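Notes follow the structure.
There are 2 protein chains.
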Amino acid sequence: MNEFSYDNQKPVFPVLIGGCWQPASLSDTFRAFNPATAEKLPEVYPVSGWEDLEKALTESSKIKLQLASTSPDKIAGFLNLYADLLEKNEEAITEMAHLETALPLKSRLKSTEFPRMINQLRQAAAAVEERTWCQATIDTRLNIRAKYGPLGGTVVIFSPNNFPLAFNAVAGADLASAVATGNPVICKAHPGHPGTTRLLAEGLLRALEQSGLPASTVQLLYHFRNEDGFRLVSHPAVAAVAFTGSRAAGLKLKEAAERAGKLFYGELSSVNPVFFLPGILKQKAGELALEQFSSCSLGCGQFCTKPGLVIFINDDPGRRFLLKLQQIFNQPLSGYLLSPAVLENLKKAVERLKIAGAVLLAGGNQNGGTGIQFQTTLFAITGEQFLKDPVTFQLEAFGTLAVAVVVDDAEQMVRVAECLEGNLTASIYFSHSDEDEEIYRRLEPVVRLKVGRLLNNKMPTGVAVTPAMHHGGPYPATGHPGFTSVGFPAAFLRFTARHCYDNVPEEHLPEELRRKNPNGRMWRLVDGTWTQSDL
Amino acid sequence: MNEFSYDNQKPVFPVLIGGCWQPASLSDTFRAFNPATAEKLPEVYPVSGWEDLEKALTESSKIKLQLASTSPDKIAGFLNLYADLLEKNEEAITEMAHLETALPLKSRLKSTEFPRMINQLRQAAAAVEERTWCQATIDTRLNIRAKYGPLGGTVVIFSPNNFPLAFNAVAGADLASAVATGNPVICKAHPGHPGTTRLLAEGLLRALEQSGLPASTVQLLYHFRNEDGFRLVSHPAVAAVAFTGSRAAGLKLKEAAERAGKLFYGELSSVNPVFFLPGILKQKAGELALEQFSSCSLGCGQFCTKPGLVIFINDDPGRRFLLKLQQIFNQPLSGYLLSPAVLENLKKAVERLKIAGAVLLAGGNQNGGTGIQFQTTLFAITGEQFLKDPVTFQLEAFGTLAVAVVVDDAEQMVRVAECLEGNLTASIYFSHSDEDEEIYRRLEPVVRLKVGRLLNNKMPTGVAVTPAMHHGGPYPATGHPGFTSVGFPAAFLRFTARHCYDNVPEEHLPEELRRKNPNGRMWRLVDGTWTQSDL
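If you're matching them up, the sequences are chains A and B in order.
First residue of the first sequence? That's 1 in the numbering used here, and the numbers climb one at a time after it.
First residue of the second sequence? That's 1 in the numbering used here, and the numbers climb one at a time after it.
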């Protein structure tokens with residue numbers, strides 16, 4: 001890693017192409033930013049020119065066949081080894097992530113996000129070894145067999161600002177899913193945490209080398225111009241794009257990719273409505289206000305599952321709940337926003353909500369002091385206001401900001417639900433009173449079709465990595481409500497094609513479709529029965 | 001069915017909206033066409049104005065919640081009853097289809113396509129009853145559960161010209177899949193067979209009424225303007241579009257739909273390459289030439305799985321094979337093209353191939369006599385020609401037209417495979433000679449990633465309806481290589497969203513995710529094990 005390019009004498013970090021750290025073809029340079037000091041960090045990273053993207057695409061294409069025929073055990077070996085190597089470098093990685101994002105080192109990065117990243121890589125490895133994910137489906141009478149397999153093109157991953165580790169392009173669930181299914185990957189780091197990404201990618205390259213996977217299996221560019229991004233996602237060598245980020249940027253990439261016939265999986269925006277039914281508020285308005293605040297302010301409100309819309313009825317318990325919310329949101333809370341861009345976006349959201357007539361109940365201003373901080377902010381509107389302008393009142397904004405929608409009655413609550421856009425999650429809090437049950441029965445069918453994950457008496461933050469998890473939802477939460485980006489093996493399926501074998505003899509079949517179950521553990525659907533047996 | 005609109009005194013057939021046959025809001029009218037006589041049929045059908053589409057969308061939206069909560073048994077009951085009612089009207093339906101398409105009554109419509117349509121409806125019903133399709137995935141420890149469910153919006157189905165029954169918008173696999181999964185449907189008939197569609201829809205409406213499904217579950221428009229089509233597929237009430245037809249029309253709809261965040265499943269085009277390896281041609285060139293011709297000319301070459309590209313090596317057996325192909329393609333064959341548009345497109349394809357330098361070995365001209373007929377046509381090109389202009393030489397054209405690509409050697413054969421676009425199918429014919437096996441090992445990995453269904457020593461026409469079937473493929477064969485339009489329950493998944501339940505108590509769960517297995521037959525993935533047991 002000693003080949004640098006230079007920008008005004010300053011060394012610029014190299015990019016990872018074709019298994020080598022090599023000087024970038026510079027179109028520009030950039031530096032990361034410490035949100036706690038509001039100062040730029042010293043290291044200089046490249047904004048790649050098209051030459052780098054072209055080179056990476058060429059390298060990807062060269063190895064796609066080799067990768068498609070690589071054994072599951074070898075791929076699983078890579079994922080496990082990668083996790084091991086990262087664990088050995090935990091200290092440096094988490095400290096760099098802390099420096100670049102100002103996310104709390106102990107309570108977040110070390111105790112939660114780093115273990116989650118490691119756990120995801122190992123869960124993906126286990127799913128690859130088991131092989132059930134490919135859904136081998138066999139009709140023995142007609143000798144027709146199908147399973148999911150690699151796409152036959154490169155997967156491009158764009159990572160978000162808010163998870164420097166667990167959703168990092170080079171180490172997160174997208175990376176694990178795309179490699180697990182035998183696809184070459186080109187990663188675009190988030191410019192908010194290039195140093196973290198670099199440290200992860202160093203482990204990645206060693207893991208690739210030591211596990212014997214093609215060295216170009218995963219390549220890394222730190223940044224490139226928007227126009228090169230559009231060119232990349234519509235390139236003939238590309239098969240699919242995974243994007244997590246802002247709706248505006250995501251929709252432009254989506255259009256460019258889909259126009260060229262590429263698959264686009266975008267996690268675009270979500271306000272994660274929480275409905276509090278009257279019975280449960282009667283029981284514990286104070287406790288629930290605290291629960292709402294804790295989830296909303298987690299990670300300084302910079303989670304895609306942040307509960308940003310709170311809906312309840314304008315009765316005594318509802319008003320008590322709102323008052324309690326107001327008190328809690330008015331207490332100072334430390335923590336930094338990830339970047340000046342997040343701050344600007346949050347300010348705009350506050351302005352927009354004010355102009356639209358929302359009443360400011362707490363916060364609303366930038367915090368003084370060093371670092372990028374904003375007050376915890378609460379707005380309130382009536383159900384009628386929401387119904388008149390549902391678009392404005394459900395625009396996502398990162399930061400500890402919530403909009404309380406105080407509705408007249410259960411009927412208006414249902415009408416608010418009907419006006420919701422697609423969301424990743426919705427929560428319904430209820431008691432076992434007859435009244436709550438009655439409202440639940442009317443509300444749930446409407447909410448169910450609007451979201452990916454429906455929670456009962458639980459906040460949406462904290463997305464468990466389990467096969468039953470769904471982190472996705474109807475447009476515009478994502479581009480396809482059938483796919484999840486968290487939870488293996490379901491998340492794998494985004495990067496697969498269905499491969500059917502018709503009248504193909506045993507010796508020409510992939511292992512998963514042969515007479516013998518390849519490992520005795522893989523589940524296969526044989527003539528309508530799920531089984532782990534040989535045929 | 002006695003409410004007509006009138007166009008110049010002539011009665012115009014009504015459209016099916018909201019469970020009633022009602023006069024269309026006419027933007028124009030049209031008549032079907034008998035390809036055997038090249039004359040228009042007397043019945044007048046409406047080209048709907050936007051008012052009809054708007055009305056249908058409103059009706060769809062009204063019942064989407066009701067449909068989403070309809071029991072699987074009721075939906076299965078509808079599908080079975082629909083099949084029963086159609087069977088009772090087989091005579092009239094197949095005769096009308098014959099009149100409108102000139103497809104052979106006995107050998108095709110009665111003996112193959114009608115039974116296939118009925119069989120599909122019943123297979124879909126059985127899959128709905130079994131419920132395994134929803135892939136219930138349960139994590140008992142974390143109490144997180146997921147399954148596939150309805151989309152929460154309308155599915156729009158556009159049917160193709162070439163299957164008046166089995167892929168008819170109101171009775172084909174798309175319809176069965178969309179209704180099976182609890183989605184309301186708006187169907188656009190193909191203007192080539194409105195009468196057939198009308199007869200089917202009469203059965204449909206009776207089946208809806210008798211089975212107690214909402215009457216607006218399926219609605220039918222015969223035709224509308226292109227601009228209204230774009231408006232329809234991007235309408236807020238729409239969730240997904242299924243289109244089978246030409247690539248040009250499909251891509252325009254795809255763009256309009258995807259831009260608005262809708263799912264688009266298009267079956268767009270495929271030339272279904274067939275590779276004949278030298279060893280098998282040495283054994284039986286004559287027999288294989290006949291097999292190739294039979295598949296290519298089936299349905300007058302108007303199948304999406306027509307094998308239109310034939311690749312083999314320029315050696316002695318290869319040249320014998322080509323000569324044999326030429327002899328067979330030069331024999332006259334009766335049969336009609338579906339419409340003047342198909343004829344025009346075929347003529348253009350012949351011109352394009354000539355201009356591109358392909359050598360005409362058979363046919364190439366319109367047949368004399370009544371009806372829309374074209375000679376069986378064979379072109380030959382070298383591998384080098386193909387590699388220089390792969391786009392031109394793999395454009396799909398309906399009709400008995402094949403392009404023989406005579407390659408220098410195995411290496412060039414592999415390079416031709418590398419230049420293939422995405423296809424529904426590819427076939428490789430081989431003997432068990434060492435030479436063929438060696439070529440197979442080099443060729444197969446390349447071909448595998450280009451197609452949905454890979455066949456060995458078998459022609460691609462004849463798409464069996466089995467869970468292991470895959471009728472799909474990489475772009476531009478379809479818009480998403482992970483989905484199939486034939487084979488239940490896989491075809492269902494196109495019209496589903498993943499629904500997750502997090503911390504939801506038993507009484508708020510759908511039946512499929514509760515403690516008790518709802519029918520004792522449904523397979524569920526519980527803590528990593530596929531089982532039919534209760535929890």
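Idealized CB from N, CA, C, for every residue including glycine.
Just so you know, these numbers come straight off a predicted model, no measurement behind them.
key: Contacting residues, own chain, Cβ-Cβ under 6 Å from proline 164(B) (five flanking each side not counted)   = Ala97, Thr101, His193, Thr196
task = Mind listing the chain B neighbours of cysteine 419(A)? Cutoff is C-beta to C-beta under 8 Å, in chain order.
result = Per Cβ cutoff of 8 Å: no residues; cysteine 419(A) is ~11 Å from chain B at best.
ask   = Assuming threonine 461(A) and serine 295(A) make a contact with CB atoms under 8 Å, what is their CB distance in whole Å?
value = 5 Å
Residue-chain proximity (isoleucine 138(A), chain B), Cβ-Cβ < 9 Å = Taking Cβ atoms only, chain B reaches closer than 9 Å to isoleucine 138(A), which makes this a yes.
query = In its own chain, which residues sit with a C-beta less than 6 Å from the C-beta of alanine 56(A), not counting the 5 before and 5 after it?
reply = Cβ neighbours of alanine 56(A) beyond the five flanking positions: Ile17, Ile186, Gln219.
task = Less than 8 Å between the CB atoms is what I'm expecting for glutamine 283(B) and proline 307(B), so what's the real figure, rounded?
result = At roughly 19 Å, the Cβ-Cβ gap does not stay under 8 Å, so glutamine 283(B) and proline 307(B) are not in contact.
task = Could you tell me whether any Cβ in chain A is nearer than 9 Å to the Cβ of isoleucine 157(B)?
result = no
query = Once you ignore the five residues that flank arginine 259(B) on each side, which residues in its own chain have a CB closer than 8 Å to its CB?
reply = Ser234
request  = Assuming threonine 181(B) and proline 150(B) form a contact by the criterion Cβ under 8 Å, report the distance between their Cβ atoms to the nearest whole angstrom.
outcome  = 6 Å
ask   = Quick one: which chain B residues come within Cβ less than 8 Å of leucine 65(A)?
value = Pro445, Val446, Leu449
inquiry  = Counting only Cβ-Cβ distances shorter than 7 Å, please list the residues of the segment 455–469 of chain A near chain D, keeping chain order.
reply    = Included in the structure are the protein chains A and B, with no chain D among them.
key: 9 Å Cβ cutoff met for arginine 225(B) and valine 465(B)   = no
request  = Would you please verify whether the beta carbon of arginine 453(B) is less than 9 Å from any beta carbon of chain A?
outcome  = yes
query = Going by Cα to Cα distance, which pick from Pro505(B), Leu309(B), Thr392(B), Cys304(B) is closest to alanine 289(B)?
reply = Leu309(B)
Where threonine 101(B) falls: helix, strand or coil (DSSP) = helix
Within 9 Å, strictly: CB atoms of proline 518(B) and leucine 525(A) = no
request  = State the Cα-Cα distance for the pair glutamate 91(A) and alanine 125(B), rounded to the nearest angstrom.
outcome  = 57 Å
inquiry  = Could you compute how far the alpha carbon of leucine 142(B) sits from the alpha carbon of asparagine 503(B)?
reply    = 8 Å
inquiry  = Beta-carbon within less than 8 Å of arginine 31(A)'s beta-carbon, same chain only, minus the 5 sequence neighbours each way: which residues are those?
reply    = So the list reads Lys40, Leu41, Pro42, Glu43, Val44, Tyr45, once near-sequence residues are dropped.
ask   = Using DSSP with H/G/I as helix, E/B as strand and the rest coil, what is isoleucine 93(A)?
value = helix
task = Taking the CB atoms as reference points, tell me whether leucine 513(A) and lysine 147(A) lie closer together than 9 Å.
result = A contact, by the Cβ cut-off of 9 Å.
request  = Out of Asp316(A), Ser216(A), Leu361(A), point me to the one whose CA is closest to threonine 154(A)'s CA.
outcome  = Ser216(A)
request  = Could you tell me if glycine 369(B) is buried or exposed, where buried requires 16 or more neighbouring beta carbons within 10 angstroms of its beta carbon?
outcome  = Answer is exposed; the Cβ neighbour count stays below 16.
message = Comparing C-alpha positions only, which one of Leu268(A), Val350(A), Thr58(A) sits nearest to valine 403(A)?
response = Val350(A)
ask   = Along the chain, where does the beta strand (DSSP E) that runs through leucine 455(A) open and close?
value = Boundaries of the beta strand (DSSP E) harbouring leucine 455(A): 451–456, taken from the DSSP string.
inquiry  = Using beta carbons (cut-off 9 Å, strictly below), is methionine 1(B) in contact with chain A?
reply    = Reliability of the predicted coordinates at methionine 1(B) is poor, the pLDDT of 47 falling under 50, and no value is obtained from them.
ask   = Between the beta-carbon of alanine 207(A) and the beta-carbon of leucine 322(A), is there less than 9 Å?
value = no
inquiry  = I'd like to check one pair, aspartate 7(B) with threonine 37(B): are the Cβ atoms closer than 9 Å?
reply    = no
Chain B contact residues for arginine 259(A), given Cβ-Cβ distances below 7 Å = Glu255
inquiry  = Which residue marks the beginning of the beta strand (DSSP E) containing arginine 524(B), and which one marks its end?
reply    = 524–526
ask   = Does tryptophan 133(B) get closer than 9 Å to chain A when you measure Cβ to Cβ?
value = no
inquiry  = Using beta carbons (cut-off 9 Å, strictly below), is valine 170(B) in contact with chain A?
reply    = Closer than 9 Å: no.
message = Strictly below 8 Å CB to CB, what residues from chain A border leucine 536(B)?
response = Within the shown structure, residues of chain B are numbered from 1 to 535, placing residue 536(B) beyond reach of any answer.
message = Just verifying my parser: in three-state terms, what is the DSSP assignment at cysteine 187(B)?
response = strand
message = In the DSSP assignment, the beta strand (DSSP E) including serine 427(B) goes from what residue to what residue?
response = 423–429
ask   = With 16 other CB atoms within 10 Å as the buried threshold, where does serine 246(B) fall?
value = Buried.
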